[in-house]
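Every number in this note's numbering is 798 more than the matching position in the sequence shown, counting from 1.
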Amino acid sequence: MSTYADQGANTSATHALEVKQVTKYFGNVHAVDGVSLEIPTGQVVALLGENGAGKTTLLDMVLGLNQPTSGTIKVLGTGVKDAAKNAKISAVLQTSALLGDVDVQSNIEMIAALNHLGRREVMQVMDRVNLTELRKRKVVKLSGGERQRVKLAIALVAAPQLLILDEPTTGMDPLSRKDFWDTMRAQTSTGRTLIFATHFLQEAADFADRIIIMNHGKIVADGSLADLQAMASDNVVTITWPGTLEQAKQALSSYSEAISALELTGAVLNVHTKASDSVARTLLDQRGAKDLRISASTLDDVFTALIA
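Right under this line is the structure:
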């Protein structure tokens, strides 16, 4: 029998996840709208976006908890149902439940038994997520961060090749969040593929090989931290704008290749651009435009612009 770490690293398929033109409609709401992506095995991917961006709906479909309206999803080269049946995929979800009046070890053992695993695998996984000293404590007496580690142990006990985390650190204090990600770093060293949804930009920047940003059901950015940092090399031209966003786009059409994003909030227009001086002069030539300033762009600025 292979070891726990060996099972986690056993990835024969080229891609852990293949999503092709997937949509999901709830009535007239396009929760996921034509999403396509490929994630190689062993990659750590952050799925970033505000609440309602489509992150959770997409992950639910990958897990087989919801069916796409159209499009196809493959996990490690097989259908979603087969991947789940063969324990190739597992998850820590916001809705994951634990038995509060039962101790930590018993919670994990119940799930292990469903996968025909015994005490050895349970002890191994508790050691890996730093739960050994808490194994006889009832879940109801655990902190929020400790409960998340129990959920993680349950997700890992069958050594899935693809692990999905949906907002795993929501509600955690900063210390608990740090402890959780320290634990996760050890888990990804085996070559396991990890996809985690978050609305914390810093979490994505610190931990992911690749960051995918969703907005209104669509992927609006997909790349490494360096790719986003390249966008952050733009300056931000901010001005009080008397017109619409479409009018601003028309006024700046000559600089479209030098502009990475435009956003209009109320009467304040923000333009992310490498041609800040030219853009500033053009905007000031428009009647009613005033109060212009130019500032350096940050990763937070890029994220805000992409989801505007």
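Note that CB positions come from ideal geometry on N, CA and C, so glycine has one too.
Values in this document were obtained by computation on a predicted structure and should not be read as measured data.
Tell me the residue span of the alpha helix (DSSP H) that contains residue i.
| i | result |
| --- | --- |
| A1024 | 1023–1029 |
| P972 | 972–986 |
| N905 | 902–912 |
| G840 | Premise fails: G840 is in no alpha helix (DSSP H) and is neither H nor E. |
| T930 | That residue, T930, is in no alpha helix (DSSP H); it is neither H nor E in DSSP. |
| T1042 | It is not in any alpha helix (DSSP H) - T1042 carries neither H nor E in the DSSP assignment. |
| D1004 | 999–1005 |
| K939 | Counting along the chain, K939 falls outside any alpha helix (DSSP H), and DSSP gives it neither H nor E. |
| D1083 | Run containing D1083: none; DSSP gives neither H nor E here. |
| T854 | 853–860 |
Give a yes or no on whether the C-beta atoms belonging to residue i and residue j are separated by under 7 Å.
| i | j | result |
| --- | --- | --- |
| V842 | T986 | yes |
| T812 | D964 | no |
| A1056 | K1072 | yes |
| A1002 | L1104 | no |
| I906 | V920 | yes |
| D1032 | S1058 | yes |
| L973 | I1037 | no |
| D858 | K1016 | no |
| V1077 | V1066 | no |
| V902 | R935 | yes |
| M970 | G942 | yes |
| V948 | L896 | yes |
| K818 | P866 | no |
| G869 | V820 | yes |
| A885 | N913 | yes |
| L929 | A951 | yes |
| T839 | T991 | yes |
Contact defined as beta carbons within less than 8 Å: I believe residue i pairs with residue j. What is the distance between those atoms, to the nearest angstrom?
| i | j | result |
| --- | --- | --- |
| A953 | A889 | 6 Å |
| A1030 | V1100 | 5 Å |
| A844 | I1010 | 7 Å |
| P966 | I887 | Incorrect: roughly 16 Å between the Cβ atoms, too far for contact. |
| Q1027 | T968 | With 8 Å as the limit, Q1027 and T968 do not qualify as a contact, their Cβ atoms being about 26 Å apart. |
| F1005 | W979 | 6 Å |
| I993 | I837 | 7 Å |
| L861 | A882 | 7 Å |
| L960 | L1090 | Rounded, the Cβ-Cβ distance is 48 Å, inconsistent with contact. |
Could you tell me the boundaries of the beta strand (DSSP E) in which residue i lies?
| i | result |
| --- | --- |
| I1010 | 1008–1013 |
| L1090 | 1088–1094 |
| V948 | First-last for V948: 942–954, but that is the alpha helix (DSSP H), not the beta strand (DSSP E). |
| L1067 | 1066–1071 |
| A1059 | 1057–1063 |
Per DSSP, which one or two residues make a beta bridge with residue i?
| i | result |
| --- | --- |
| L963 | V890, F994 |
| F1101 | Paired residues: none, contrary to the question. |
| N1033 | T1071, A1094 |
| V830 | K822 |
| G877 | K872 |
| D1020 | I1010 |
| V817 | L835, I871 |
| L845 | A995, I1010 |
Nearest CA to the CA of residue i: which residue from the options?
| i | options | result |
| --- | --- | --- |
| E816 | Q1000, V878, N826 | V878 |
| A1106 | R1079, D1075, E1061, G942 | E1061 |
| V927 | T981, K883, S974, G943 | T981 |
| V900 | N913, K883, L940 | L940 |
| H997 | A851, A1024, D880 | A851 |
| N1013 | L835, S834, L1023, N849 | N849 |
| D1075 | L915, L1050, A995 | L1050 |
| A1094 | V1034, R1079, Q1045 | V1034 |
| L999 | G825, A829, F824, T1102 | T1102 |
| T1042 | Q1084, R1008, L1023, G1021 | Q1084 |
| L835 | H828, Q922, R1008 | R1008 |
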